[in-house]
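First the structure, in the form of structure tokens, and then the observations on it.
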Amino acid sequence: MASTEASSQALQQVLCFALAGEAYALPILKVREIQAQATITRIPKAPPYMPGVINLRGAIVPILELRHRFSLGEAPEDTRPVIVIVEVQGRTLGIRVDSVSDVLDLDPNAIRPAPELGTQSALGREFISGLASLPGATGSDTMLILLDLDRLLSDGELSALESAAV
Amino acid sequence: MSDAMAQFRDAFFEEATELADGMEATLLSMDLSAVEVEDLHTLFRAAHSIKGNAATFGFPEVAAFTHKLESTLEPVRQGDRPLTPDLRELLLQGVDLIRTHLYHARRGESLPVKEVQAQAALIARLQEDAGAPLPPMPSAPTTAAAKSVTMKGGRGYSIRFEAPLDAFRRGVNLERLFRDLAKLGTLQTWPDLSRIPPVEQLDPEDCHLAWDVRLETTHPQMDVEEVFEFVAEGDNLRIQPLAPEGSVPTLGEILQTEAGVSPADIREALSQQKRLGELLVDMGKVQPEVVNKALDQQQKKRNQAEASTVRVATEKIDRLVNLVGELVITQAMLAQASQQSNTLQGEEQMSAALLQLDRQTRELQERVMGIRMVPVEMVFSRFPRMVHELGKQLGKDVELLMEGQATELDKTFIEMLVDPLTHLVRNAVDHGMETKEERRQSGKAAMGSIALRASSRGGSIHIEVKDDGKGLNRDRIYQKALDRGLLAPGSRPSDEELNLLIFEPGFSTVEQVSDLSGRGVGMDVVKQNIRTLGGRIEVESEPGRGTLIRLVLPLTLAILDGLTVRAGDETYVFPLASVLESFQRQAADVQTVKGDREVISLRGEFIPVIRLQHLLGVVGHRDAAERTLLVLVESEGRRAAMSVDELLGQQQVVIKSLETHYKRVEGISGATILGDGRVALILDVPGLMRQEAGMAAAGA
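Protein sequence lines, in the order shown, are assigned to chains D and A.
Residue numbers for the first sequence follow the numbering used here, so the first one is 203 and each next one is one higher.
Residue numbers for the second sequence follow the numbering used here, so the first one is 859 and each next one is one higher.
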């Protein structure tokens, strides 16, 4: 499985971010930059999880609203969302998250496959490449959810982007 | 092949194409009654350069053919042979063949059989026309071609020889041919008996033999040709250099050398091999139309790949370099000024530097855009030839006048203008122009004239095609439009509206008999392309005096004059070209139809009101009744008033594609970035109107 396969690999660097109180992570090699301040221009009749575009130094880049994607509800008023710019399959995309915390070195052996979460869950198992536990400040472990970007983006309506680009 | 070599090859193709274009232009501009010697030299030089380069880059076929042209030109240049109109035609065909050669060579294909035959016929005519046999050209390109092969490590030739039918009667010693060949190197032969007819039809005195020969030799191709000197006629001898050492041989070649399979068998097998598309159609997996469509697409991709370079004048680049130098100085000035910003002097310096920066950035922007601009000459240059040919074909005397070839246009435009202009010019000659007799009867000069004019007017480019023919028959157009249901019975359209009807799809293709027939053939293509480019068409026509068709195009696709407006919380940009006016609406002007559709009466015309905010689903906090600003837009002859919250201003915006990272959005043609760094969407007015029509239909 994933763990035996990964044991030969070196440490994996991930970018950690928070979303509705949970800790998520992305492989750092997919991340291009982080934008703290950007005004989103809404696109008419766009799906709520992809509400609009931003100006990234002259390029028009669409934004993925991860809270909507995972049906986590609206962000509370006091958070200032951050946009993580990623590159997936040759296209640039901004992912809006609540906050970015850390860059961590993960031991691939510590990554475990995600358990079956049930079909009701919006965050299906297919988007998760694994779970890792981190030693928390208080002694109890916190769980880190590793996202599989490629699968996240190849899913459902988002793949419309792909077909539109051809 | 290495990248560098590939690059040189591309350069060769570009240069050769240009040289061929130059030859054509020179040929057409020559006055045959008083030929300028300099023109002949130009022609000769062009042919010579193509030949030399082709040989260097390993295209012996191109070189050999160009040599034939060159040797035809030689006596002409020496004054030994007059340049007759016929010879000019032949030379023009020769130029076409060079292009065909280049086209196929670029794709790494050999010349199709049809073209090979055309070439043989043309060469024959070029030579017979000379009256006397051509003086042999010892400086032979064949040597050049062969040299190029040896340069690449030539190993020999694959030869296909079909003996002439009368070989026996002429007493040709065929056996000796092979003995001579064997002297040159290692020889392998496969007799091809497939051309021998059944015995009852066989005339024993005819020779039906053919051979495929594989000759491994380091001798130049000329030596091989010499062996066949007395038996080669027309295309019965084909010599092809073998693939150079080290390159991967084809399967057929290996089978030939190792298994002794005859080349004739391989050819037959290959001819039975079907293309992928055909196979799929046979299997019933796809429809033939689908395959054709896919092939079209492939062709388009290929064309795009080829057209993706721009040649830029060095002068333009130099100016850019200068400008960047100035910018660096300005930047230094600013840095210095910012250090002393608290002093009065520093402040002055700062504002001076900012002023300079403003001017320089604007200029830089213009110049960078200018790189994409190419002279309209690129399209125009093909028309002298076309008009010449068409005139000859139709028996009409037509002269073509061109003006403003130096007018610059965006490269994309140039490519998209080729088809529309070709249609317009062809139609002008074919249908606009009367026959000689008709012209004489109506008291006009027998020589008709067509004018192609390009000019830049303010923010747009005008391209005009004007003929002095019979003009449009508006009564007929009216009748036809009624028949086809394009006009409502009893309507009284203006002359301009009637003129524009010729661009309706299939307007006159149906009935080829009327005198405006053909004027609509492909005319919808014109309309389509011009609209894609964001331009429009104007037609002026006077019966008996001629027709003028004017294409009005924006300067570039990259920048757009826009009207920025606010709807709800968002900013949108209307392309200024589709905005007629904007005004404050008076409550009394607006009436409702069917309860919720609003219309406004403007100078006696009822125009639907579209709520932009509603149509685009923008969130906003305003009450609908407060929206009193209307922007009157027009597209495809329809008008609508779009209600917005605020007019922000008129400005040039740089168009950015939404599709690079996102996708196409209905009603939005692109995006731009405003002064404050925010993204604003550019509205696609025709798209919005269609969307509105769709919603209205759904609501009704």
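Ideal Cβ positions, reconstructed from N, Cα and C, are used throughout, including at glycine.
Predicted model only: the values in this text are computed from it and were never measured.
Query: Nearest candidate by alpha-carbon position, reference A:Arg1496, set A:Asp1454, A:Leu1506, A:Pro1544; Result: A:Pro1544
Query: Cross-chain neighbours of D:Leu295 in chain A, by beta carbon under 8 Å; Result: His1519
Query: CB contact below 8 Å: A:Lys1151 versus chain D; Result: no
Query: Buried versus exposed, by CB contacts within 10 Å (16 or more), A:Thr1201; Result: exposed
Query: Chain-ordered chain A contacts of D:Val263 [CB-CB under 7 Å]; Result: His1519
Query: Boundaries (first-last residue) of the alpha helix (DSSP H) holding D:Gly296; Result: No alpha helix (DSSP H) holds D:Gly296; the beta strand (DSSP E) holding it covers 293 to 299.
Query: DSSP-derived helix/strand/coil call for A:His1320; Result: strand
Query: Backbone secondary structure at A:Ala904 - three-state DSSP; Result: helix
Query: Residues that D:Asn257 contacts on chain A, provided the C-beta gap is smaller than 8 Å; Result: Ile1531, Gly1535, Arg1536, Val1537
Query: Proximity below 8 Å, CB of A:Val1537 to CB of D:Ile256; Result: yes
Query: Cβ pair count under 8 Å reaching 3, the region 898 to 917 of chain A against the region 1252 to 1260 of chain A; Result: no
Query: Beta-carbon proximity list for A:Leu1359, same chain, < 7 Å, skipping 5 on both sides; Result: Ile1335, Ala1339, Leu1344, Phe1365
Query: Status (buried if at least 16 other CB within 10 Å, exposed otherwise) for D:Pro264; Result: buried
Query: Simplified DSSP state of A:Gly1545, which is helix, strand or coil; Result: helix
Query: Short CB-CB distance (under 8 Å) between D:Gly260 and chain A; Result: yes
Query: Backbone CA spacing between D:Arg234 and A:Gln1197 [nearest angstrom]; Result: 34 Å
Query: Boundaries of the alpha helix (DSSP H) in which A:Ser1493 is found, first to last residue; Result: From DSSP, A:Ser1493 is part of no alpha helix (DSSP H) but of the beta strand (DSSP E) over 1487 to 1493.
Query: Nearest candidate by alpha-carbon position, reference A:Leu1460, set A:Leu1470, A:Asp1454, A:Asp1447; Result: A:Asp1447
Query: Cross-chain neighbours of D:Lys247 in chain A, by beta carbon under 9 Å; Result: Leu1474, Gly1475, Val1523, Glu1524, Gly1525
Query: Pairwise C-alpha distance: A:Arg1230 and A:Arg1332; Result: 40 Å
Query: Neighbour list for A:Leu1516 in chain D, Cβ cutoff strictly below 9 Å; Result: Ile245, Val255, Ile262, Pro264
Query: Given A:Ala1025 as reference, the closest of A:Leu1045, A:Lys1041, A:Ile1054, A:Asp1064 once Cα atoms are compared; Result: A:Asp1064
Query: Contact between the region 1204 to 1218 of chain A and the region 1179 to 1192 of chain A (3+ Cβ pairs under 8 Å); Result: yes
Query: Neighbour flag for A:Glu1428 against chain D, beta carbons, 8 Å; Result: yes
Query: Coil, strand or helix - A:Ala976 by DSSP; Result: helix
Query: For A:Ala963 and D:Leu217, the rounded distance between their alpha carbons; Result: 52 Å
Query: Pick from D:Pro249, D:Gly254, D:Ala212, D:Gly296 that is closest to D:Ile242, judged by C-alpha positions; Result: D:Gly254
Query: Proximity below 8 Å, CB of A:Gly1110 to CB of A:Glu1074; Result: no
Query: Proximity test, Cβ basis, 8 Å: D:Thr241 and chain A; Result: yes
Query: Contact under 8 Å by Cβ, D:Leu346 with D:Ala334; Result: yes
Query: Residues that A:Lys1514 bridges to, as DSSP identifies them; Result: A:Ala1529
Query: Per-residue DSSP class, three states only, for A:Gln1145; Result: coil
Query: For A:Gln1510 and A:Leu1222, the rounded distance between their alpha carbons; Result: 15 Å
Query: Per-residue burial, D:Phe219 [other beta carbons within 10 Å of its own, 16 or more giving buried]; Result: buried
Query: Outcome for A:Gly1404 when other beta-carbon atoms lying within 10 angstroms are tallied against a minimum of 16; Result: buried
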